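Take a look at the structure below.
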Amino acid sequence: MSQSSKYPAVEVSDLTVAYQEKPVLWDVDLEVPQGVLMAIVGPNGAGKTTMIKAILGLLTPAAGQISIFGKSYAEQRRLVGYVPQRGSVDWDFPTSVLDVVMMGKYGQLGWIRRPGSAAREAAEEALEKVGMLDYANRQISQLSGGQQQRTFLARALTQDAQIYFMDEPFQGVDATTERAIVDLLKDLRSSGKTVVAVHHDLQTVPEYFDWVMLLNVRRIASGPVPEVFTEDNLRTAYGGRVAFLSANGAAPAKEKA
Amino acid sequence: MSIGELFSLLITDHTIRTVAFGTAILGVVSGALGAFAVLRRQALLGDALSHAALPGVALAFMLTGQKTPAVLMIGAAIVGIMAILLLSAVTRVTRLKEDSVLGIILSVFFGFGLMLLTFLQRNPDARQAGLNTFLFGQAATLLTRDVLTMAAFGLPALVILAIFWKEFKLLSFDREFGSSLGFPMRGLDTALTSLLVVAVVIGLQAVGVVLMSAMLVAPGAAARQWTDRLSHMVLISALFGAIAGVAGALISSLGNGLSTGPVIVIVVSVIVVISLFFAPNRGLFWRRLRIWRNRRRYQAETVLLDFYRMAAQHADATQPHPIAALLAIRPGAQFGLDVLASRDLARPDSEGNWRLTPAGVAEAELLESGFANENGVTE
Numbered sequence: 002m003s004q005s006s007k008y009p010a011v012e013v014s015d016l017t018v019a020y021q022e023k024p025v026l027w028d029v030d031l032e033v034p035q036g037v038l039m040a041i042v043g044p045n046g047a048g049k050t051t052m053i054k055a056i057l058g059l060l061t062p063a064a065g066q067i068s069i070f071g072k073s074y075a076e077q078r079r080l081v082g083y084v085p086q087r088g089s090v091d092w093d094f095p096t097s098v099l100d101v102v103m104m105g106k107y108g109q110l111g112w113i114r115r116p117g118s119a120a121r122e123a124a125e126e127a128l129e130k131v132g133m134l135d136y137a138n139r140q141i142s143q144l145s146g147g148q149q150q151r152t153f154l155a156r157a158l159t160q161d162a163q164i165y166f167m168d169e170p171f172q173g174v175d176a177t178t179e180r181a182i183v184d185l186l187k188d189l190r191s192s193g194k195t196v197v198a199v200h201h202d203l204q205t206v207p208e209y210f211d212w213v214m215l216l217n218v219r220r221i222a223s224g225p226v227p228e229v230f231t232e233d234n235l236r237t238a239y240g241g242r243v244a245f246l247s248a249n250g251a252a253p254a255k256e257k258a
Numbered sequence: 006m007s008i009g010e011l012f013s014l015l016i017t018d019h020t021i022r023t024v025a026f027g028t029a030i031l032g033v034v035s036g037a038l039g040a041f042a043v044l045r046r047q048a049l050l051g052d053a054l055s056h057a058a059l060p061g062v063a064l065a066f067m068l069t070g071q072k073t074p075a076v077l078m079i080g081a082a083i084v085g086i087m088a089i090l091l092l093s094a095v096t097r098v099t100r101l102k103e104d105s106v107l108g109i110i111l112s113v114f115f116g117f118g119l120m121l122l123t124f125l126q127r128n129p130d131a132r133q134a135g136l137n138t139f140l141f142g143q144a145a146t147l148l149t150r151d152v153l154t155m156a157a158f159g160l161p162a163l164v165i166l167a168i169f170w171k172e173f174k175l176l177s178f179d180r181e182f183g184s185s186l187g188f189p190m191r192g193l194d195t196a197l198t199s200l201l202v203v204a205v206v207i208g209l210q211a212v213g214v215v216l217m218s219a220m221l222v223a224p225g226a227a228a229r230q231w232t233d234r235l236s237h238m239v240l241i242s243a244l245f246g247a248i249a250g251v252a253g254a255l256i257s258s259l260g261n262g263l264s265t266g267p268v269i270v271i272v273v274s275v276i277v278v279i280s281l282f283f284a285p286n287r288g289l290f291w292r293r294l295r296i297w298r299n300r301r302r303y304q305a306e307t308v309l310l311d312f313y314r315m316a317a318q319h320a321d322a323t324q325p326h327p328i329a330a331l332l333a334i335r336p337g338a339q340f341g342l343d344v345l346a347s348r349d350l351a352r353p354d355s356e357g358n359w360r361l362t363p364a365g366v367a368e369a370e371l372l373e374s375g376f377a378n379e380n381g382v383t384e
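Chains as they are written, first to last, in the working numbering: chain A, 2 to 258; chain B, 6 to 384.
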C-alpha cells in the first residue's frame, strides 16, 4: 500500500489493445501526476473505455506496462476506485441503493466476510456526500439516471481510494446532478485524490478538469489543459470536425472563467 | 379425498413421503440456484445444461456398469460441467453469440445422449436400469436411497451458495466492478454455473432432462415478482420450488395415472402465472389498477385546480360556476367533476352550477402550494 509521492498516479507505456485484427489502442503512453482531475476525450471508438479497462486489468492488453503509484494494479488495487458506465448493469436487480453502495467495501472485506455496521456507516457517509442518503433504502429500479450515477459514485467513494477511474460520469445526467458531480470531483482533488474520467463534452473540459488526454487509438496529446487542449490537437483527434469549438469559446485561451 | 387426508398421506404413506421429500429437495435446490440463473439471464443455460447431462448418465452406466443414482448423477455432473467449459471456450474463441453456442451444445449433447440410450436399449441390464426415465423423469420410483443421494448433492450446493453469497451477488449484479476489486469473476462464474449443474443433476431422475429447465427458471421468475431483495427472492424461489415439488408428488399419488414430473411443472407454472398477475407492486393486475387510479386522480386534480383558479378571482372560493364555464376551459372536465363529487370536493347545486366544498378548497390550496414548492429536484 505504498503511495509515495515520487511516483505518478498512473504510468502507462507502449499499451496496445486489440480485440480483433484492428487495434483499439495503439502504443499509448500516459503519465498522470498525483492530485489532478484528468479527462480522457476522443471521438467514438477512440478506445477511451478500453483505456480505463486496460488500466484496471479488466482486459488483457496485447502489449504494454501499466503501473499505479509505481506498482502493478494487482498490488495497488486497494488504492483504486472504479465507476463503470451506469448502463453496464441491470438496474432491475433486486437490491437497494445502500446495498449497491456497500459493494464498494467488498474488496477490503475480502472473501466470505459480509459487510457489517462499519461498511454500512461508510456507505451512508458516501450517500450523504452525493446527496442520496434519503434514497438509501430505495429499490434501485426506482432511480432516475442521475440518481443511478450518484449511487455508483457513492459506491466508489466507499472504496476510499487514492485514484478513481470513472467511465462517463456525466452521461445522461441533468444539470443539477452534473453540478453535484463536479463539486464532488473538486472535493476529491482538494483532498489529494486523483481522478481519471472518460468525458464527452468538450465544452466543459477546461472548466471541470485540469489535465486532459486526447485519444484516438493513439495518444494525440496529454498534459495540463492550457497546454494540451488546443485546436490543433483537437483537430488531430477528431479529424477536423471541431469547428464549433473555437466559436463557442471553449478553446484554452479563454478558459478559467 | 380431502386436502387434509392428502396431507396425512405425507406422514403415513412411506412411498408418498419419500417421493414428496425428494421432490421438495429438488424444488429447494433448483429454486435457490435457479433464482440466480434468472437474474443473470441464463434461463437458456439451464435448459442446455439439463439436456447436456443426458449423455453423462448413459456414459456413467456404460463405464461403470452400475446404476446407483450417485454414479449416474456424478456422470451427469461431469458431462454437464464439460458442456459449460466448452460453452465458455467456444464463446470466447469464436465470434458466435452465446445463444447460438447454447443451442448447438444443447442439441449435440442431447442427440449424443439419445444415441447412447438407444444403443443401450439392446442391453437388458440397461433396460432394467431404467435409463429411459431420465428423459421425462419418474419421481414415483424415488427410493429412500435416491432421496439421500439428492440431499447429499443438494445440501453442499446450498451451503456453498450461502458461504459465497456476497461474491455471487457481486457476480450477478456487476461483474466488471467485482473484477476491479480483485475477485476472480470467471472462476466465480464457473463455480455458480457448476452449482446450477448440481441442481440439474438432482432433478434428472424426478423430472427428467426435458422438463428440468422449468424447475430452474419458473420459481425464480415467480419469486422476483414478490420482492425487491435478493435474499428474499432466493428464499421465496426455494419455497415455490418446494411447494411445487410436494404438490406434484401428492397430486400424482391420487392414482389418476399422472406422472409426477409434469405435474410438478404444471404446479410451478400456475405459481408463475399467479405471481405475474397478482404479486403486489410488480403484478400486472395491480399495475393496471394503479395506472387507472392515477389517471382518475390526475384528471380530478386538474379540474380541481381549474376550478380553484377560476374561483380565486372572486372573493369567495366556494363561488358557484356554471358547468359550461368549466367545460370551456377543459373539454372532458365532466369525468373529473364526477370524481370530485364522489370525494365530496365539489358539488353541483339544484341549478346545475358547481361549487367547491371547503374540503375542495383546502385540497386545491395544498396542490397549488405543492406546485410552488417544486424546484426541479428530481424525485
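Note that beta-carbon positions come from the ideal geometry of N, C-alpha and C, so glycine has one too.
Remember, predicted model here, so these are calculated numbers, not experimental data.
Local conformation of A/Met-133 per DSSP, three classes:
Locating residue 133 of chain A in the first sequence gives position 132, where the first residue counts as 1. The answer is coil: DSSP assigns A/Met-133 none of H, G, I, E or B.
For A/Val-196, go through chain B and note every residue whose CB falls closer than 8 Å to its CB, in chain order.
In the first sequence, the residue the question calls residue 196 of chain A occupies position 195. Result: empty, since nearest Cβ-Cβ is about 15 Å, beyond 8 Å.
I'd like to know whether the C-beta atoms of B/Phe-26 and B/Val-152 end up nearer to each other than 8 Å.
Sequence index remark: in the second sequence, residue 26 of chain B carries index 21 (1-based). Sequence index remark: in the second sequence, residue 152 of chain B carries index 147 (1-based). Their beta carbons are under 8 Å apart, which means B/Phe-26 touches B/Val-152 by this criterion.
Spatial neighbours of B/Trp-231 within its chain, please: CB distance less than 6 Å, with the 5 preceding and 5 following residues excluded, ordered by chain position.
Here residue 231 of chain B is taken as the residue at index 226 of the second sequence, counted from 1. So the list reads Ile-241, Ala-284, once near-sequence residues are dropped.
DSSP three-state label for B/Gly-260, please.
Position 255 of the second sequence, counted from the start, is the residue given in the question as residue 260 of chain B. Secondary structure at B/Gly-260: coil, using DSSP grouped into helix, strand and coil.
Residues near B/Ala-75 in its chain [Cβ-Cβ closer than 7 Å; skip 5 each side]:
Within the second sequence, numbered from 1, the residue matching residue 75 of chain B stands at position 70. Exclusion of the five residues before and after B/Ala-75 leaves Thr-154 as the residues of its chain whose Cβ lies within less than 7 Å of its Cβ.
In chain order, what residues of the same chain lie with their CB nearer than 6 Å to the CB of A/Met-167, ignoring the 5 residues before and after it?
Sequence index remark: in the first sequence, residue 167 of chain A carries index 166 (1-based). Only Val-84, Ala-198 meet the Cβ criterion.
How do the segment 68-87 of chain A and the segment 119-133 of chain A stand: do at least 3 beta-carbon pairs fall below 8 Å, yes or no?
As far as the Cβ criterion goes, the segment 68-87 of chain A does not touch the segment 119-133 of chain A, which means the pair count is below three.
Tell me whether A/Met-214 is buried or exposed, calling it buried when 16 or more other Cβ atoms sit within 10 Å of its Cβ.
Position 213 of the first sequence, counted from the start, is the residue given in the question as residue 214 of chain A. Sixteen is the threshold: when 16 or more other Cβ atoms of the shown chains lie within 10 Å of the Cβ of A/Met-214, as they do, the residue is buried.
Within 8 Å (strictly less), CB to CB, does B/Leu-91 reach chain A?
Position 86 of the second sequence holds residue 91 of chain B. At a cut-off of 8 Å between beta carbons, B/Leu-91 makes no contact with chain A.
Under 8 Å between C-beta atoms, does B/Lys-102 make it to chain A?
Here the question's residue 102 of chain B lines up with position 97 in the second sequence. So no, B/Lys-102 is outside the interface.
Residues in the segment 77-89 of chain A with C-beta within 8 Å of chain B's C-beta atoms, listed in sequence order?
The segment 77-89 of chain A vs chain B, Cβ under 8 Å: Arg-78, Val-81, Tyr-83, Pro-85, Ser-89.
Below 8 Å between beta carbons: does that hold for B/Asp-104 and B/Ser-218?
Within the second sequence, residue 104 of chain B is the residue found at index 99, counting from 1. Within the second sequence, residue 218 of chain B is the residue found at index 213, counting from 1. Cβ distance not < 8 Å, so B/Asp-104 and B/Ser-218 don't count as in contact.
Contact under 8 Å by Cβ, B/Met-238 with B/Ala-40
Residue 238 of chain B sits at position 233 when you count from the first residue of the second sequence. Residue 40 of chain B sits at position 35 when you count from the first residue of the second sequence. Taking 8 Å as the Cβ cut-off, B/Met-238 and B/Ala-40 qualify as a contacting pair.
For B/Arg-360, list the residues DSSP reports as bridge partners.
Walking along the second sequence from the start, residue 360 of chain B turns up at place 355. Partner residues in the beta bridge of B/Arg-360, as assigned by DSSP, are B/Arg-352.
Closer than 8 Å, CB to CB, is B/Thr-232 near chain A or not?
Counted from its first residue, the second sequence places residue 232 of chain B at position 227. Closer than 8 Å to some Cβ of chain A, the Cβ of B/Thr-232 qualifies, so yes.
Option in B/Ala-254, B/Ala-228, B/Pro-267 with minimal Cα separation from B/Val-278
Here the question's residue 278 of chain B lines up with position 273 in the second sequence. Nearest in C-alpha terms to B/Val-278, of all of B/Ala-254, B/Ala-228, B/Pro-267, is B/Ala-228.
Any chance the segment 89-100 of chain B sits against the segment 33-47 of chain B, with 3 or more Cβ pairs inside 8 Å?
In short, these stretches do not touch, since the Cβ pair count stays below three.
By how many angstroms is the C-alpha of A/Val-98 removed from the C-alpha of A/Tyr-136?
On the first sequence, residue 136 of chain A is found 135 positions in, with the first residue counted as 1. On the first sequence, residue 98 of chain A is found 97 positions in, with the first residue counted as 1. Taken atom to atom, the span from the alpha-carbon of A/Tyr-136 to that of A/Val-98 is near 7 Å.
In whole angstroms, what is the alpha-carbon distance linking B/Gln-324 and B/Glu-368?
Residue 324 of chain B sits at position 319 when you count from the first residue of the second sequence. Residue 368 of chain B sits at position 363 when you count from the first residue of the second sequence. In a straight line, the C-alpha of B/Gln-324 is about 16 Å away from that of B/Glu-368.
Alpha carbon to alpha carbon, how far is A/Leu-185 from B/Val-222?
Your numbering for residue 185 of chain A matches position 184 in the first sequence. Your numbering for residue 222 of chain B matches position 217 in the second sequence. Distance between the alpha carbons of A/Leu-185 and B/Val-222: 42 Å.
What are the start and end residues of the beta strand (DSSP E) that includes A/Glu-169?
Residue mapping note: residue 169 of chain A aligns to position 168 of the first sequence, counting from 1. In the DSSP annotation of this structure, A/Glu-169 is not part of any beta strand (DSSP E), being labelled neither H nor E.
Taking 8 Å as the cut-off, decide whether the C-beta atoms of B/Leu-372 and B/Leu-310 are in contact.
Locating residue 372 of chain B in the second sequence gives position 367, counting from the first residue. Locating residue 310 of chain B in the second sequence gives position 305, counting from the first residue. The answer is yes: Cβ separation under 8 Å.
Kindly identify the DSSP beta-bridge partner or partners of B/Tyr-303.
Locating residue 303 of chain B in the second sequence gives position 298, where the first residue counts as 1. In the DSSP output, where bridge partners are listed per residue, B/Tyr-303 has none listed.
Going by DSSP in three states, A/Ala-19 sits in which element: helix, strand or coil?
Taking the first residue of the first sequence as position 1, residue 19 of chain A is located at position 18. Residue state, collapsed to three classes: strand.
What first and last residue would you give for the alpha helix (DSSP H) that runs through B/Asp-18?
Within the second sequence, residue 18 of chain B is the residue found at index 13, counting from 1. Neither: B/Asp-18 is in no alpha helix (DSSP H) and is coded neither H nor E.
Contact belief for B/Thr-57 with B/Gly-85 at Cβ below 8 Å, rounded distance in angstroms
Your numbering for residue 57 of chain B matches position 52 in the second sequence. Your numbering for residue 85 of chain B matches position 80 in the second sequence. Per the sequence shown, residue 57 of chain B should be read as Ala rather than Thr. About 6 Å separates the two Cβ atoms, so the contact holds.
Using a cut-off of 7 Å between C-beta atoms, extract the partners of A/Gly-316 located in chain B.
There is no way to answer for residue 316 of chain A, as the model of chain A reaches only from 2 to 258.
8 Å Cβ cutoff met for A/Ile-41 and A/Lys-49
By one-based count along the first sequence, residue 41 of chain A stands at place 40. By one-based count along the first sequence, residue 49 of chain A stands at place 48. Cβ atoms of A/Ile-41 and A/Lys-49: closer than 8 Å.
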